[in-house]
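In this note's numbering, the protein residues as written are 1 to 249.
This report concerns only the one structure given below.
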Amino acid sequence: MNQARVQAMKKLIAGNWKMNGNGDTAEAFDNDMEEVLNKYSHVEWLICPPFPYIASLSNLQRGAQDCSAYDRGAYTGEVSAAMLADMGCTYCIVGHSERRTLHMEDNKLVRNKVKQLLSHNIRPIICVGETLEEREAGQAYEVVSRQILESLSDNITSENAVLAYEPVWAIGTGKAATLCDVTKMHGMIRDLLKSSLATAAKMRILYGGSVKPSNAAELLNADNVDGALIGSASLLHEDFIAIGKAVEI
Ligand code: PEP
């Protein structure tokens with residue numbers, strides 16, 4: 001079995017530091033993880049720090065939180081997929097709800113970012129999820145399936161990308177989705193991938209939204225939950241490790 005396939009069978013424990021930390025905290029976190037990475041290699045560990053601190057990670061796998069939809073040129077403030085590849089990034093988050101809301105990012109833009117990343121062999125972590133209003137209106141599945149179908153590019157496979165289901169109302173609120181909500185949505189996403197995107201039928205589907213040590217075992221060992229995207233609990237290495245350790249071998 002090739003390396004990409006073996007890796008894609010492990011659960012992915014991905015930390016999104018958002019706009020937090022500094023060079024010293026990033027380096028200390030990376031040092032504290034060194035032993036853990038060898039000891040708990042049944043999961044795949046990843047940290048996505050702010051751009052300036054990506055190079056502070058030498059033990060941990062490097063990811064980014066966003067990238068440009070363009071190749072190069074007059075795009076002040078943007079960072080291209082080629083630059084991320086140059087920095088040793090293997091993954092990049094795209095379409096996070098904070099970017100969709102605060103920076104008006106839509107599915108078309110996310111899809112263009114996905115294409116850029118794939119052309120530089122970086123795996124996109126494509127975030128999808130409904131707002132509370134959409135859930136209460138009974139539109140959660142419709143919203144999520146549209147985001148998936150419009151954000152994924154044609155050359156997506158089960159190995160070269162990852163989906164993250166992150167209900168907006170669960171992000172940063174301390175209130176994770178229930179096990180029932182998660183398994184229902186992940187099951188529907190799996191069925192959608194099988195029926196509409198056969199090459200990506202086995203793509204990993206992460207859950208994100210207030211994952212913490214106390215709910216990790218329940219969420220991470222559920223059907224069709226292939227890992228977690230973790231915000232605030234990834235800032236403390238003890239919590240991040242405890243979440244990864246909760247994955248059953
Ligand atoms: C996130 O920002 O992707 C996230 C899931 O945040 P939190 O874990 O803090 O809810």
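The beta-carbon is built from N, C-alpha and C at its ideal position, and this holds for glycine as well.
On a predicted model such as this, the values are computed, not experimentally measured, just so you know.
{"Asked": "Taking only three categories from DSSP, how would you classify Leu197?", "Found": "coil"}
{"Asked": "When you compare the CB positions of Ser58 and Ala26, do they come within less than 8 Å of one another, or not?", "Found": "no"}
{"Asked": "Round the Cβ separation of Ser234 and Asn16 to the nearest angstrom and send it over; I've been treating them as touching at under 8 Å.", "Found": "6 Å"}
{"Asked": "In whole angstroms, give me the CA-to-CA distance for Thr199 and Pro124.", "Found": "16 Å"}
{"Asked": "What is the residue span of the alpha helix (DSSP H) that Val36 lies within?", "Found": "23-39"}
{"Asked": "Just reading off the beta strand (DSSP E) that Asn16 is part of, what are its end residues?", "Found": "11-16"}
{"Asked": "Residues in the same chain with beta-carbon distance under 6 Å from Ser153, minus the five sequence neighbours each way, listed in chain order, please.", "Found": "Arg111, Val114, Lys115"}
{"Asked": "Which same chain residues, not among the five before or five after Glu44, have their C-beta less than 8 Å away from its C-beta?", "Found": "Gln7, Lys10, Lys11, Leu12, Ile13, Gln61, Gly227"}
{"Asked": "So what does DSSP say about Cys67, is it helix, strand or coil?", "Found": "coil"}
{"Asked": "Would the C-beta of Val211 count as close to the ligand PEP, meaning under 7 Å from any of its heavy atoms?", "Found": "yes"}
{"Asked": "What are the start and end residues of each continuous alpha helix (DSSP H) run of 4 or more residues lying completely inside the stretch 112-162, in chain order?", "Found": "132-136, 140-151"}
{"Asked": "Is Arg204 buried or exposed, if buried means 16 or more other CB atoms sit within 10 Å of its CB?", "Found": "buried"}
{"Asked": "Just the C-alpha distance for Gln139 and Lys39, rounded to the nearest angstrom, thanks.", "Found": "42 Å"}
{"Asked": "Apply the 10 Å Cβ neighbour rule to Cys127 and answer buried if 16 or more other Cβ atoms are within range, or exposed otherwise.", "Found": "buried"}
{"Asked": "Is the beta carbon of Asp66 less than 8 Å from the beta carbon of Ser80?", "Found": "no"}
{"Asked": "Reducing DSSP to helix, strand and coil, say where Thr90 ends up.", "Found": "strand"}
{"Asked": "In this structure, how does DSSP classify Glu166 when only helix, strand and coil are distinguished?", "Found": "coil"}
{"Asked": "According to DSSP, is Ile54 helix, strand or coil?", "Found": "helix"}
{"Asked": "May I ask you to list the residues that DSSP assigns as paired with Gly208?", "Found": "Leu229"}
{"Asked": "Looking at the unbroken beta strand (DSSP E) that takes in Glu44, where does it start and where does it end?", "Found": "43-48"}
{"Asked": "Suppose you measure from the CA of Leu206 to the CA of Gly21; what does that come to, to the nearest Å?", "Found": "24 Å"}
{"Asked": "How far does the alpha helix (DSSP H) with Glu98 in it extend, from its first residue to its last?", "Found": "97-102"}
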